[in-house]
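Numbering-wise, the numbering used here comes out as the position in the sequence shown, counting from 1, plus 137.
Ideal placement from N, C-alpha and C gives every residue a C-beta, glycine not left out.
The structure appears right after this line, and notes come after that.
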Amino acid sequence: MAPLVILVLVTLALVGLRAVGVTRVPAWPFAVRCGVAAMFVATGVAHFAGLREELIAMVPPAVPAPGLVITVTGVLELAGAAGVLWRRTAPWAAAGLTAMLVGMFPANVYAARQGISPSFGDALVPRTLMQLVFLAATVSIVAHYARRPRESRGNVSR
Numbered sequence: 138m139a140p141l142v143i144l145v146l147v148t149l150a151l152v153g154l155r156a157v158g159v160t161r162v163p164a165w166p167f168a169v170r171c172g173v174a175a176m177f178v179a180t181g182v183a184h185f186a187g188l189r190e191e192l193i194a195m196v197p198p199a200v201p202a203p204g205l206v207i208t209v210t211g212v213l214e215l216a217g218a219a220g221v222l223w224r225r226t227a228p229w230a231a232a233g234l235t236a237m238l239v240g241m242f243p244a245n246v247y248a249a250r251q252g253i254s255p256s257f258g259d260a261l262v263p264r265t266l267m268q269l270v271f272l273a274a275t276v277s278i279v280a281h282y283a284r285r286p287r288e289s290r291g292n293v294s295r
């Protein structure tokens, strides 16, 4: 549940600053990029400290070397977080994070079915709904850049 809270709060805080007239804060796509980055920094760090053992337990038994998988996905999450903040790499990083979210979803299903974490947010339906929000955020970044004409891609506010 914490990643969802981080994504929403960071995004809304930046949108709110813009809404009250802080013009130095770029438009909404930037806010979403920052929210996604903050969320993936938090989850990426969790792969190395705090939740590492729980994350390793979430890896389905059919996947070899769960510790290595958690390390690699943690590094990819941190790299993706950095990538979405740089406008030149944002669409590519967001696409990679989208693919990773889809690829890691079976681990969420496995964890929910095995009751690895008994909290409400870890049940299958809440996990799936949160995953859809995360996907919507990363896909919105990709879609934003795909819609923009090539000559305007250098603009910071987009």
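Would you mind stating whether residue i and residue j have Cβ atoms separated by less than 7 Å?
i, j, result
"G217", "L238", "no"
"L149", "V162", "no"
"V173", "A274", "yes"
"H184", "G204", "no"
Restricting to Cα atoms, I'd like to know which of the options is closest to residue i.
i, options, result
"L222", "L192, P140 and A175", "A175"
"T226", "H281, R161 and Q268", "H281"
"A164", "V152, E191 and V157", "V152"
"R224", "R170, L272 and G252", "R170"
"G220", "M267, P201 and F167", "F167"
"V145", "F242, M267, V159 and A199", "M267"
"G240", "T160, L272, L261 and G158", "L272"
Just to confirm my understanding: we take residue i, look at its own chain, exclude 5 residues before and 5 after, and list those with CB closer than 7 Å. What are they?
i, result
"V279", "P228, A231, A232 and T235"
"Y247", "M195 and P197"
"V178", "L215 and A218"
"L188", "none"
"G181", "G211, E214, L215 and A218"
"F242", "Q268"
How close, in whole Å, do the beta carbons of residue i and residue j come, if the pair is a contact with beta carbons under 8 Å?
i, j, result
"V270", "L141", "6 Å"
To which residues of the same chain is residue i closer than 6 Å at the C-beta, ignoring the five residues directly before and after it?
i, result
"R264", "N245 and A249"
"I193", "P203, G204 and I207"
Segments assigned alpha helix (DSSP H), at least 4 residues, entirely inside the region 205 to 272
Listed in chain order, the complete alpha helix (DSSP H) runs (minimum 4 residues) inside the region 205 to 272 are 227 to 251.
Give the list of continuous alpha helix (DSSP H) stretches no shorter than 4 residues that lie fully inside the region 149 to 209.
165 to 183 and 189 to 195
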